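> Please read through the structure below; I'll follow up with questions.
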Amino acid sequence: MQLAANTKIPERTYNIKSYLSGKYLDVENSATGDGTIIQQFPYNNTAAQDWLFIYIGNGNYKIQDVNSGKLLSIIGSSTSSGTDAWIWHDDGTSGQIFRYRKNTDGTYSLLSKCSNYNYVLDIEMSPGSGMNDGNDLQQYSDIDAANQKFILDSMYY
1 MQLAANTKIP
11 ERTYNIKSYL
21 SGKYLDVENS
31 ATGDGTIIQQ
41 FPYNNTAAQD
51 WLFIYIGNGN
61 YKIQDVNSGK
71 LLSIIGSSTS
81 SGTDAWIWHD
91 DGTSGQIFRY
101 RKNTDGTYSL
111 LSKCSNYNYV
121 LDIEMSPGSG
131 MNDGNDLQQY
141 SDIDAANQKF
151 ILDSMYY
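Printed below as a string of structure tokens:
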């Protein structure tokens, strides 16, 4: 499903695929506890790869892991580049709020509020130059790199 430029992402469930590797954002081991790391992993048809985009106004979204009901969160709502993402219960902090940018190549970048929208979600490049199963999701300086771009595969067509 392609969205027109400057439209709101429909509130629905998506699989979020890395533009670089073709792998999906995945909650490690399908765990449901606070503090479980988010990684990239090949598509496995589990709810640990299903993400519900919830619009909260002013261009902002919360991104909920369908398997656990917890939110994609930047650890500690950190303002530092290189901070990992994990799932955490809704604690109302800025580390759980994101905006999107539609890129000219049709991909999306997801910008974190805790960084004042200066950092984007990013697949960690080492080990394996961003291609390995298990590479962590983090926030990082926006350099418009392929590991910072995602394809939103809607589960409803």
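Position 46, counted from 1, in the sequence shown is what the numbering used here calls 46; the numbers after and before it change by one each time, with no gaps.
Beta carbons: idealized from backbone N, C-alpha and C, even for Gly.
Keep in mind it's a predicted model, so treat the numbers as computed, not measured.
1) One question on the structure: do N67 and S30 come within less than 8 Å of each other, judged by their Cβ atoms?
2) Can you tell me which of K23, K8 and T32 puts its alpha carbon nearest to the alpha carbon of L72?
3) Which same chain residues end up closer than 6 Å to N15 when comparing Cβ atoms and leaving out the 5 residues on each side of it in sequence?
4) Tell me the DSSP secondary structure of Q2 in three-state form.
5) Look at the Cβ atom of Y140, then the Cβ atom of G82, and state whether they are nearer than 8 Å.
6) Where A85 and I37 are concerned, what is the direct C-alpha to C-alpha distance, given to the nearest angstrom?
7) On the three-state DSSP scale, how would you describe K113?
8) Here's a check: name, in chain order, each residue in its chain whose Cβ is nearer than 7 Å to the Cβ of K8, leaving out the five neighbours to either side.
9) Can you name, in chain order, every residue of its own chain whose Cβ lies under 7 Å from the Cβ of S115, other than the five neighbours on each side?
10) Among D105, S112 and N44, which one has its Cα closest to the Cα of I74?
11) Helix, strand or coil: which one does DSSP assign to N60?
12) Taking the alpha carbon of A146 as the reference point, which residue from W88, R12, M155 and L20 has its own alpha carbon closest?
With the given structure in hand:
1) Residue 67 sits at position 67 when you count from the first residue of the sequence shown. Residue 30 sits at position 30 when you count from the first residue of the sequence shown. A contact, by the Cβ cut-off of 8 Å.
2) On the sequence shown, residue 72 is found 72 positions in, with the first residue counted as 1. When only C-alpha atoms are compared, the closest one is T32.
3) By 1-based counting over the sequence shown, the position of residue 15 is 15. Closer than 6 Å at the Cβ level, and outside the excluded window around N15, lie Y24, Q49 and D153.
4) The sequence position of residue 2 within the sequence shown is 2, counting from 1. Since pLDDT at Q2 reaches only 41, below the 50 mark, its modelled position is unreliable, and no value is offered.
5) Within the sequence shown, residue 140 is the residue found at index 140, counting from 1. Within the sequence shown, residue 82 is the residue found at index 82, counting from 1. Yes. Within cutoff.
6) Position 85 of the sequence shown, counting from 1, holds the residue named residue 85. Position 37 of the sequence shown, counting from 1, holds the residue named residue 37. Whole-angstrom Cα-Cα distance: 6 Å.
7) For this step, residue 113 is matched to residue 113 along the sequence shown. K113: helix per DSSP, three-state reduction.
8) Sequence index remark: in the sequence shown, residue 8 carries index 8 (1-based). Only Y55 meet the Cβ criterion.
9) As a working note, residue 115 is residue 115 in the sequence shown. Result list for S115: T79 and Q139, in chain order.
10) As a working note, residue 74 is residue 74 in the sequence shown. Among D105, S112 and N44, the Cα nearest to that of I74 belongs to S112.
11) The sequence position of residue 60 within the sequence shown is 60, counting from 1. Residue state, collapsed to three classes: strand.
12) To locate residue 146, count along the sequence shown from 1; it is residue 146. It is L20 whose Cα lies nearest to the Cα of A146.
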